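Beneath this line is the structure, given in structure tokens, with notes to follow.
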Amino acid sequence: MQNIQAQIDRSDATDLARLVRAGEVQPHELLEATIERLEQVNPALNAVAEKLYDQARQQTPVEGPFFGVPTLTKDLFAPLAEARMANGSLALGEARPGLDDELVGRWRRAGFVFVGTSTSPEFGTSYTTESTRFGATRNPWNTERSAGGSSGGAAALVASRVVPIAHGNDGGGSLRVPASCCGVFGFKPSRGLMPNGPLVGEGWGGMGTGHAISLSVRDSAALLDVTAGADLGAPYAAPSRPGSYVEAMQRPLKPLRIALVEQMAPWPSSPEALAAVRHAAKLCENLGHQVSPVTLPVDLPQFFAMAFDIIGPNTRNYVELLGAMRGAPVTEEELEPRTRIYLREKGDIGAVQYVQAIEGIHALGRTFANFMRDYDLILTPTLTREPPLIGTLDVVDDKADMGTLIECFHSYSPYTALFNATGQPAMSVPLYWSASGLPIGAHFAGRFGEESTLLALAHQLEQAQPWAQRRPPVNACMG
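With the first letter of the sequence shown counted as 1, position 404 gets the number 403 in numbering that gives the first Met the number 0; the numbers rise by one all the way through.
As structure tokens, this is what we get:
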């Protein structure tokens, strides 16, 4: 077991699957070693919504690209046949849909073994993973700090080296924000590239998509190779994909034109965030890329008002659907204050206002597509400051208004949601740690459908400045 633990310490998911295929490690040995690692760190992190150890022991992994690699799915709109789906909420009780989400099913067919589900805030509508149902998920770099949200459990478990890759989803930054907070790689694909069915047609008007948080760039690319592609009847489809994202990632990269945005009104970047994005810009220049300061063609407060015109009615629809499924309406007392505010202020807007918001994000997508005729990528900070203390972003007063919520969340993360609205692929790359030892990611967005460019740059940055050897104080490593 000690030898297996040492292998896990230094391996990504691609390497672990290779060891299993070669017979050097047996799937059940890898599973038990991962369970041991999870039990070691989870008391400090609180990153698991449900443990599925017995179910995992009964699985026979598929001999796919990730043969026998243990992982967790995110407990948010991504049903796993053997798991409860709480979505971070008390309102769902012990609901078990008893089916696999299409994306989760593709993970299973790729060879993954599911040891549990990871935590999320209620309905995924927060940049910190704190909920009444599960409590606060803590950052392995400093357990007084947030792991980010809404895929905070996934990021904490990857950063602490329990698993090398974990499932997540992203409607406004929910893969990239926790990746930044925890010092790992978070990648959001283009609108329409990933399946959403069968429960969801278009998450948040097409802003939501699933993928992963990973330790290595190649794992993220290899996962896209086996999971990308719209499911049957999907309302959106991304442009044609390359033959292999892994192969595209490894090709020589031509000099890129990178648009640099250090901060945007009305929410300034902290000195730490400025240092992080400038460090990333300098590293890109040293690699031969051209970096030019720009101003993005968007009014942030106007954009976020429009985005919540989409999120509010979608939340209302979900709550009513939940009530119909369980045979009893959901009461306000069952919901967290943040959700009550969304429902009160945005849940019952008129149809015309909702359509205007949908048209608004589509218009923004065209605006950014025109802007990117002159640039290959956009570089911004992922966040405007270091990961905050637990409780800082957790809204506990339902008398607050939407303006207060927007200020709370988006003064912290003003950039990530833009690229959910435009449908562009985006990523947070762990290139900088503050003087206090906290990670702050560099955020890159590419043209719609051009995941390969982002992955190739991430691979180049990973080679130039490796991050996998940086281990947080709370980690599962044995050596």
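For each residue, glycine too, the CB sits at the ideal point set by N, CA and C. All figures in this text were calculated on a predicted structure; none of them were measured in a lab.
Whole-number beta carbon distance between residue j and residue i, since they are thought to touch under 8 Å
i: THR383; j: SER410; result: 6 Å
i: ALA463; j: LEU259; result: Not really, about 18 Å apart at Cβ, beyond 8 Å.
i: ALA399; j: ILE340; result: 6 Å
i: MET426; j: PHE443; result: 5 Å
i: THR314; j: PHE122; result: 6 Å
i: ALA43; j: THR142; result: 6 Å
i: PRO78; j: LEU198; result: 7 Å
i: ASP373; j: ILE257; result: No, ASP373 and ILE257 are not in contact; Cβ-Cβ is about 11 Å, not under 8 Å.
i: ARG144; j: LEU437; result: 7 Å
Test item: CB-CB of residue i and residue j under 8 Å
i: PHE65; j: ALA457; result: no
i: LEU252; j: GLU450; result: no
i: GLY422; j: GLY205; result: yes
i: ALA455; j: MET263; result: no
i: GLY172; j: THR415; result: yes
i: VAL157; j: SER213; result: yes
i: PHE370; j: PRO296; result: yes
i: GLY87; j: ASP74; result: yes
i: ASP393; j: GLN352; result: no
i: ILE439; j: SER179; result: yes
i: PRO234; j: GLY202; result: no
i: GLY148; j: PRO188; result: no
i: HIS166; j: THR72; result: yes
i: ALA441; j: LEU453; result: no
i: THR294; j: THR124; result: no
i: ILE348; j: PRO292; result: no
i: LEU29; j: ALA55; result: no
i: THR118; j: ASN45; result: yes
Candidates the options, of which the one nearest residue i by Cα
i: ALA154; options: SER173, PRO177, VAL161 and PRO78; result: PRO177
i: PRO471; options: CYS181, THR415 and PRO336; result: CYS181
i: PRO60; options: LEU454, ARG160, ARG105 and GLU201; result: ARG105
i: PRO265; options: GLN301, HIS288, ALA274 and MET248; result: GLN301
i: GLY359; options: ASN474, LEU299 and MET401; result: LEU299
i: PRO267; options: PRO380, GLY22, GLY115 and ALA85; result: PRO380
i: SER435; options: THR294, THR70, TRP140 and LEU273; result: TRP140
i: GLY326; options: ARG256, LEU91 and ASN138; result: LEU91
i: GLY242; options: PRO234, ALA236 and VAL225; result: VAL225
i: PRO238; options: GLY167, MET193 and ARG256; result: MET193
i: LEU321; options: ARG95, ARG56 and ASP169; result: ARG95
i: LEU342; options: VAL473, TYR52, VAL318 and GLY22; result: VAL318
i: ALA306; options: ALA48, ALA82, PHE418 and LEU437; result: PHE418
i: ASN474; options: GLN39, ALA32, ALA16 and LEU15; result: GLN39
i: THR70; options: ARG190, ALA16 and ALA227; result: ALA16
i: VAL47; options: ALA146, ALA274, TRP466 and GLY110; result: ALA146
i: ASN168; options: ASP397, ARG240, VAL103 and ALA467; result: VAL103
Cβ-based neighbour list, residue i, same chain, cut-off 6 Å, excluding 5 preceding and 5 following
i: LEU460; result: VAL428
i: ALA12; result: PHE65, VAL68, PRO163, ILE164 and ASP218
i: GLY196; result: GLU101 and ASP230
i: ILE405; result: PHE303
i: GLY151; result: THR128, THR136 and PRO177
i: LEU363; result: ALA420 and THR421
i: PHE367; result: THR421
i: LEU37; result: VAL161
Contact test: residue i Cβ vs the ligand ADP heavy atom, cutoff 7 Å
i: ALA368; result: Questions concerning the ligand ADP fall outside what the structure shown contains, since it holds no ligand whatsoever.
Close Cβ partners of residue i (< 7 Å) along its chain, the five nearest in sequence each way excluded
i: GLN58; result: VAL112
i: ALA80; result: GLY97, LEU98 and ASP99
i: ARG20; result: PHE66
i: ASP403; result: This sequence places Thr at residue 403; Asp is not what is there. The answer is none, since no qualifying residue turns up.
i: SER412; result: TYR126, GLY172, VAL176 and LEU382
i: LEU89; result: THR131, ARG132 and GLU333
i: ALA221; result: THR13, PRO64 and VAL245
i: VAL24; result: ILE3, GLN6 and LEU18
i: HIS278; result: LEU430 and TYR431
i: CYS407; result: LEU392 and VAL394
i: ILE34; result: TYR52 and VAL114
i: VAL216; result: PHE184, MET248, LEU454, ALA457, HIS458 and GLU461
i: GLU93; result: ARG83
i: GLY170; result: GLY123, GLY202, TRP203, MET206, GLY207 and ASN419
Own chain partners of residue i with C-beta closer than 8 Å, once the 5 adjacent residues on each side are dropped
i: SER269; result: THR383, ARG384 and GLU385
i: ASP8; result: ARG160, CYS476, MET477 and GLY478
i: VAL395; result: PRO336
i: PRO26; result: VAL19, PRO60, PHE66, GLY67 and VAL112
i: GLN289; result: PRO254, LEU255, ARG256 and ILE257
i: MET324; result: ALA94
Closer than 8 Å to chain C by CB, residue i
i: GLY207; result: The structure shown contains no chain C, having only a single protein chain.
What alpha helix (DSSP H) runs, 4 residues minimum, are completely inside the stretch 60-121?
101-108
Every unbroken alpha helix (DSSP H) inside the stretch 444-474 [4 residues or more]
450-463
Entirely enclosed beta strand (DSSP E) segments - the stretch 251-310, minimum 3 residues:
256-259 and 289-292
Counting only runs that start and end within the stretch 178-202, where is the alpha helix (DSSP H) found for 4 or more residues in a row?
none
If you scan the stretch 389-439 from start to end, which runs of the alpha helix (DSSP H) of 4 or more residues do you find wholly inside it?
401-409 and 415-421
What ranges does the alpha helix (DSSP H) occupy inside the stretch 308-376, keeping only unbroken runs of at least 4 residues that lie completely in it?
336-345 and 350-370
Could I get the ranges of all uninterrupted alpha helix (DSSP H) runs contained in the stretch 3-64, with 4 residues as the minimum, in chain order?
12-20, 26-44 and 52-57
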